[in-house]
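Trainee: Starting off with a structure, shown below.
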Amino acid sequence: MSFFRRRELYVAITFITGLLTIFDYFISFDALNNTAAALRNWVVLIAYFAIVLGLVNTFVFHGRRVFRKGQQWVYSAWLLFVVVSITLIGIFSGTNHPIYSFLFTNVYGALGPSGYGIMAFFIASAAFRALRARSFEALILLTAVVFTLLYRAPVGGIMPFIPQIGDWIQSVPSAGGMRGIIIGMAIGAIGMGLRTLLGYERGYLPE
Amino acid sequence: MIFVEGTIIATIILAFIWLAMIYNIERAKGGKLPRIRAIPALNAIDEAVGRAAEMGGRVLFVNGIGDLTSVSGPETVAGLAVLRYLSKCCAESGIEVVAPLTQAQVIPVASEAMRTGFIEAGNPEAFQEDNIRYVSSSQWGLATSCMGIIGREKAVSSVLVGAFAGECLAIVSAGAEAGVFQIGGCGRNTTQMPWFVSMCDFSLIGEEVYAAGAYLSRDPLELGSLVGQDYGKILTAGLIILGYILYIFGSKALYNILGM
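Protein chains in written order, with the numbering used here: chain A, 4 to 210; chain B, 30 to 289.
Pasting the structure below:
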């Protein structure tokens, strides 16, 4: 097996850098803090360089599909055309060029809010699925939702007991349940951190 | 060399949890295997693969929008452990698993996890690099890509484990609409959990996501570490109860100690 594909190498790098970063959080010691700061800078740089991997992956996958005239190859061709066009405009005309700015603001910029826009319909659909009272637990959930909806709606403010009940649901059972999940999750993350440092968490490691 | 202010007790608690985990790992090494409760969502992965094999479709795996270098790293790594197991099951059944990604830095690791799964199944030649796809760094790019894979590429089962934000609702909604068998869960973002619970056939909540790798591997050492985590939970619960009692009697002693 190649030296660079050895599992021990990955585990050793993870162990050393992981411990350095953890100790940096708890201990104030110049040499340690400076080393950890340098490591964090490396991480930022490596993450930026990794975008090249994304570009290569995109070109290989969609390029292959176009050349083979595979399923929906027209979409792939259009995607590659857009990626190349925007990149060339950005490189040769600068990101302040009117065409680049127009495309970024009116195409890319508009797509994000559009995604959020359709969420309202998905939320309504999810609520409909969740709120069918098919069991006792679902009935409790439905009751809590009705009170919370009334509490949040303008009309709830003038209905008797609704503000008090809605406030209690949000600040006692809902907050308590969420905090329980968060505490369990935090301890789970600590456990996973240790397994990763010691090389027991092997899901991401090569065999 | 001194402790950073306000981290002394945190260090002691972290050390306690780690020592408890190491103690249980050593017990597991000694042959005292822990009993872990069943996690139905993880058991259902085999069912998801079986369904895809029966219907001649694919399995969609979504690792979310998290990367490996931020607070979402643990969730992303947990998701990759699931991808490895899922790939192994798919390779054994002779079906494809497609994994769209939003973080370029995850591509090589996800590719390695999928390849390892195929190797473990004894079917390495079935691994296709094309099934690891970078689909832009945007969460909506991921959502629309997954909706496209479900609609156009006949994904009949989907597994979503990783760090998610609002895009997960769009993905699971599209899946539910198409009748896809769905397993989903995220750890850190508690506001997204209701969507998984309401729209998926099986869901993972909170720490179950982080335990996925250990649970699926069935490695006694990994399972031993899960038992060690329970000591941390007992300690936390004890501190909460003690703090509550002291607060009733007007004392903030524990609050002040924990802030050291």
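Even for Gly, the Cβ is constructed at its ideal location relative to N, Cα and C.
What are the partner residues of residue 211 (chain B), as DSSP defines its beta bridges?
Mentor: Note: residue 211 (chain B) sits in a beta bridge opposite B:187.
Trainee: Give the single residue among B:113, B:124, B:40 and B:162 whose Cα lies nearest to the Cα of residue 65 (chain A).
Mentor: Comparing Cα positions, the closest option is B:162.
Trainee: On the CB-based measure, 16 or more other CB atoms within 10 Å of its CB, does residue 119 (chain A) come out buried or exposed?
Mentor: Label assigned to residue 119 (chain A): exposed.
Trainee: Measure the C-alpha to C-alpha separation of residue 43 (chain B) and residue 21 (chain A) and round it to an integer number of angstroms.
Mentor: Going by the C-alpha atoms only, they are around 14 Å apart.
Trainee: Does residue 163 (chain A) come within less than 8 Å of chain B when only Cβ atoms are used?
Mentor: No, no contact with chain B.
Trainee: May I ask you to report which of helix, strand or coil DSSP gives residue 134 (chain A)?
Mentor: Coil, per DSSP.
Trainee: So if I threshold CB-CB distances at 8 Å, which residues from the segment 217 to 236 of chain B count as touching chain A?
Mentor: Under the 8 Å Cβ criterion, the segment 217 to 236 of chain B contributes 217, 219, 222, 223, 224, 226, 227, 228, 234, 235 and 236.
Trainee: When you compare each of B:209, B:185, B:222 and B:33 to residue 196 (chain B) by their alpha carbons, which one comes out closest?
Mentor: Of the candidates B:209, B:185, B:222 and B:33, the one whose C-alpha sits nearest the C-alpha of residue 196 (chain B) is B:222.
Trainee: Of all the options B:40, B:71, B:60 and B:48, which has the alpha carbon lying nearest to the alpha carbon of residue 232 (chain B)?
Mentor: Among B:40, B:71, B:60 and B:48, the Cα nearest to that of residue 232 (chain B) belongs to B:71.
Trainee: List, in order along the chain, the chain B residues whose C-beta lies closer than 7 Å to that of residue 61 (chain A)?
Mentor: Near residue 61 (chain A) (Cβ distances below 7 Å), the residues of chain B are 163.
Trainee: Considering just the uninterrupted stretch of the beta strand (DSSP E) at residue 101 (chain B), what are its terminal residues?
Mentor: Run containing residue 101 (chain B): none; DSSP gives neither H nor E here.
Trainee: With distances taken between CB atoms, is the gap from residue 92 (chain B) to residue 135 (chain B) smaller than 8 Å?
Mentor: Yes, they are a contact pair.
Trainee: Check whether chain A comes within 8 Å of residue 22 (chain B), counting only Cβ atoms and requiring the distance to be less than that.
Mentor: No statement about residue 22 (chain B) is possible, as the shown extent of chain B runs from 30 to 289 and does not include it.
Trainee: What residue does the beta strand (DSSP E) around residue 148 (chain B) start on, and which one ends it?
Mentor: Looking at the DSSP string, residue 148 (chain B) is not in any beta strand (DSSP E); the run it does join, the alpha helix (DSSP H), is 136 to 149.
Trainee: Along the beta strand (DSSP E) that carries residue 293 (chain B), what are the first and last residues, could you check?
Mentor: Chain B is shown from 30 up to 289; residue 293 (chain B) falls before or after that span and cannot be answered.
Trainee: Counting only C-beta atoms, is residue 31 (chain B) closer than 8 Å to chain A at any point?
Mentor: True, the Cβ-Cβ gap to chain A drops below 8 Å.
Trainee: Counting only beta-carbon atoms, is residue 199 (chain A) nearer than 8 Å to chain B?
Mentor: Closer than 8 Å: yes.
Trainee: Can you check DSSP and say which residues form a bridge with residue 192 (chain B)?
Mentor: Beta-bridge pairing links residue 192 (chain B) to B:93.
Trainee: Residues in the same chain with beta-carbon distance under 6 Å from residue 79 (chain A), minus the five sequence neighbours each way, listed in chain order, please.
Mentor: Contacts found: 65, 68 and 69.
Trainee: To which residues does DSSP link residue 306 (chain B) through a beta bridge?
Mentor: Residue 306 (chain B) cannot be examined here, being either before or after the span of chain B that is shown, 30 to 289.
Trainee: Within 10 angstroms of the Cβ of residue 132 (chain A), are there 16 or more other Cβ atoms? Answer buried if so, exposed if not.
Mentor: Per the 10 Å Cβ criterion, exposed.
Trainee: For residue 258 (chain B) and residue 139 (chain A), what's the separation of their Cα atoms in angstroms?
Mentor: Their Cα atoms are separated by approximately 32 Å.
Trainee: Counting only beta-carbon separations shorter than 8 Å, does residue 174 (chain A) have a partner in chain B?
Mentor: So no, residue 174 (chain A) is outside the interface.
Trainee: Using the rule of at least 16 other Cβ atoms within 10 Å of the residue's Cβ for burial, across every protein chain shown, is residue 187 (chain B) buried or exposed?
Mentor: Buried, because 16 or more other Cβ atoms sit within 10 Å of the Cβ of residue 187 (chain B).
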